[in-house]
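What follows is a short report on a single structure.
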Amino acid sequence: MAIRIVTTSTILVIGLVGAGCGVVGTTTTGGGEPDCEPVEDCPDNTGGHGGSDGSGGGGTGGSGTGGSGGTGGSGTGGSVAGQPLFWVEKGERTAEATRKPWSSWWYPLWEDTLFQGKNGEASTLEKYDVWAEKAGNTRTSAAAYERKELYQPRAASWSGLCDAWALASILEPEPTRSVTHGEVTFSVGDLKALLLKTYEKVPPLTLVGTRFDGEWDDVYEDVRPHELHRVIETELIGRKRAFIIDEDAGPEVWNEPAWKAITRVEKDEDDSTVAHVRTWLFLASPHVEDRNFVGTIEDSREYTYDLKGKWQGERFGVTSSAWTDRSQWDHPDYAIIVPDRIPRGSHNPQIRTELVDRIRGR
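For reference, each letter of the sequence shown is one residue, going -19 to -1, 1 to 343 in mature numbering (1 follows the signal peptide of the UniProt record, and there is no 0).
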């Protein structure tokens, strides 16, 4: 999987297995070298990739560390031998994904609505089981399996299907109306729930940054600001594709798709090695009150940081960075690059992707 991002950060390959709202309980392995695009933006040497515990040695030619702190913030790792990782232009830029992610309920693991009917109406998976037998000529026990094997009434309050929703909302058209097959009617909420269940078990994805799972007073090992800026440059500006961030820098995981960004890059009046940046990220939110909600509930975050490097006219070659002001503790935990396509699967073996797609009319 080619990822158009240039960093010397810790890059982990993660599998969204047994996930909570994000990547809880994932397994990680060392990632391969990301592709660079354009070529002239690539450093000659990059640092090593971290393992699942955050360890990892330096890559060939350098450790990929260094970079002094910016104004009001602590220093973070940067380029090798001062070579620019990428270039930014002075001024304000706006970038937006071609497909705007849609909102959906995120189905906490402690909630029983996927398999337990309410107020005389069958649950989503009960409907799926009935339809599979009558129309799909397949006997399934999705509701029973979900109840017995996947339901976790004592799960963390924030654990659920945020990761699956974020992927589905970027890659799939939004279900906007109910569908009826014989005597079974699947609401918009049912269709979204089934779609999310087919995105909860996917191949490893590339994560930029390091997931933080300690306490608030511990040192954050999160995505560095120049890494986040580069993701914005390559994904939103270059590919016009949304990407995913864990918008909570603390131990909780809240994966949400970022679909729009506004960045403002300014020169420092006295220091030619600093660029001051203010970035607004626009996110889709999973906090819907109505399971049948159609559209996007928009959320936004504002971040400030200093890019370190060297100005050349109106262009700035970035070598490292530091979060500033309140963004030192309030910033994304990591970013996830979303490929053009991804094989889908469910932790519930009774849920078959092809049957879900037939229900959706795909």
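Heads up, the beta-carbon is just placed ideally off N, CA and C, and yes, glycines get one too.
Between the alpha carbons of K71 and T260 lies a distance of about 13 Å. The beta carbon of L106 sits closer than 6 Å to those of L95, F96, A123, A124, E127, all from its chain and outside the five residues before and after it, given in chain order. When C-beta atoms of the stretch 222 to 239 are compared with those of the stretch 164 to 177, fewer than three pairs fall below 8 Å, so the two segments do not count as touching. Restricting attention to I243, E247, T179, T166, the CA atom closest to the CA of E102 is found in T166. Residue V183 holds the alpha-carbon nearest to the alpha-carbon of L152 among Q133, S138, E130, V183. Between the beta-carbon of P267 and that of S140 there is about 13 Å, and that puts the pair past the 8 Å contact cut. Selection K108, L131, D252, W304 evaluated against T121 yields K108 as nearest (Cα-Cα). Judged by DSSP in its simplified three-state form, S308 adopts helix. Checking the DSSP bridge columns, you'll see W261 partnered with I243, E283.
DSSP places W139 outside any alpha helix (DSSP H), giving it a letter other than H or E. Given a length threshold of 3 residues, each whole run of the beta strand (DSSP E) inside the stretch 150 to 185 is given here in chain order: 160 to 162, 165 to 167. Exposed is the label assigned to P134, since fewer than 16 other Cβ atoms lie within 10 Å of its Cβ.
If you draw a straight line from the Cα of T119 to the Cα of A113, it is about 5 Å long. Secondary structure of P206 (DSSP, three-state): helix. Between I318 and E208, the C-beta gap is not smaller than 8 Å, which leaves the two residues out of contact.
Annotated three-state conformation of I278 is coil, per DSSP. In this structure W310 is exposed. Its beta-carbon is surrounded by fewer than 16 other beta-carbon atoms within 10 angstroms. Secondary structure of L188 (DSSP, three-state): strand. The stretch 287 to 300 and the stretch 65 to 79 touch, with no fewer than 3 CB-CB distances between them shorter than 8 Å. Take L177, set aside five residues on each side of it, and the residues of its chain with a beta-carbon closer than 6 Å to its own are L142, A145, W146, A149, in chain order.
For E107, the enclosing alpha helix (DSSP H) has its first and last residue at 105 to 115. With a cut-off of 8 Å on Cβ pairs, the stretch 75 to 83 is in contact with the stretch 261 to 281, counting three or more such pairs.
R205 is classed as buried because its beta carbon has at least 16 other beta carbons within 10 Å across all chains shown. The Cβ atoms of V337 and L175 sit closer than 8 Å to each other. When the five nearest sequence neighbours on each side are left out, the beta carbons in the same chain lying within less than 7 Å of the beta carbon of D229 are those of W235, D314, in order along the chain.
Shortest Cα-Cα distance from E250 to any of W292, R272, P238 involves W292. Beta-bridge partners assigned by DSSP to T75: I243.
Where E70 is concerned, there is no enclosing alpha helix (DSSP H), although the beta strand (DSSP E) around it starts and stops at 67 to 70. Residue H312 holds the alpha-carbon nearest to the alpha-carbon of E233 among D271, K81, H312. With fewer than 16 other CB atoms across the displayed protein chains lying within 10 angstroms of its CB, E335 is exposed. Burial check for R211: the Cβ neighbour count within 10 Å reaches 16 or more, so the residue is buried. In the structure shown, A223 falls within a coil segment according to DSSP collapsed to helix, strand and coil.
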